[in-house]
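Counting along the sequence shown from 1, when you hit position 32 you're at 857 in the numbering used here, and nothing is skipped either side.
Quick reminder that beta carbons are idealized off the backbone N, C-alpha and C, glycines included.
In this text the structure is predicted, and so the values were computed from the model without any measurement.
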Amino acid sequence: MVLLALSAGLGLSVLLGQRSADDATTVLRYRLGRLFPAPVPAAALRGGGKSNDRGARPR
826 MVLLALSAGL GLSVLLGQRS ADDATTVLRY RLGRLFPAPV PAAALRGGGK SNDRGARPR
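Written out as structure tokens, the structure is:
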């Protein structure tokens, strides 16, 4: 329901000349990013990512 209202409101504001299509796209992408955040990479969940080459403990 929220997405439908958002797209209808943005579409109307573009048609009325209150907002450019690029501005509407920016708003839509921002709101979608808030509703559906990007998944966290599996390596970040395991604590991986930055480690030394030999597997020794950091000092």
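- Measuring CA to CA, which of 839, 872, 866 is closest to residue 853? Of the candidates 839, 872, 866, the residue whose Cα lies closest to the Cα of residue 853 is 839.
- Out of curiosity, what's the CA-to-CA distance linking residue 842 and residue 856? Roughly 21 Å separates the two Cα atoms.
- State the start and end residues of the unbroken alpha helix (DSSP H) segment that holds residue 841. Element bounds for residue 841: n/a, residue is neither H nor E.
- DSSP on residue 871, reduced to helix/strand/coil? The three-state secondary structure of residue 871, taken from DSSP, is coil.
- Neighbour-count burial assignment, residue 846, 16 or more Cβ in a 10 Å radius: Its Cβ having fewer than 16 others within 10 Å, residue 846 is exposed.
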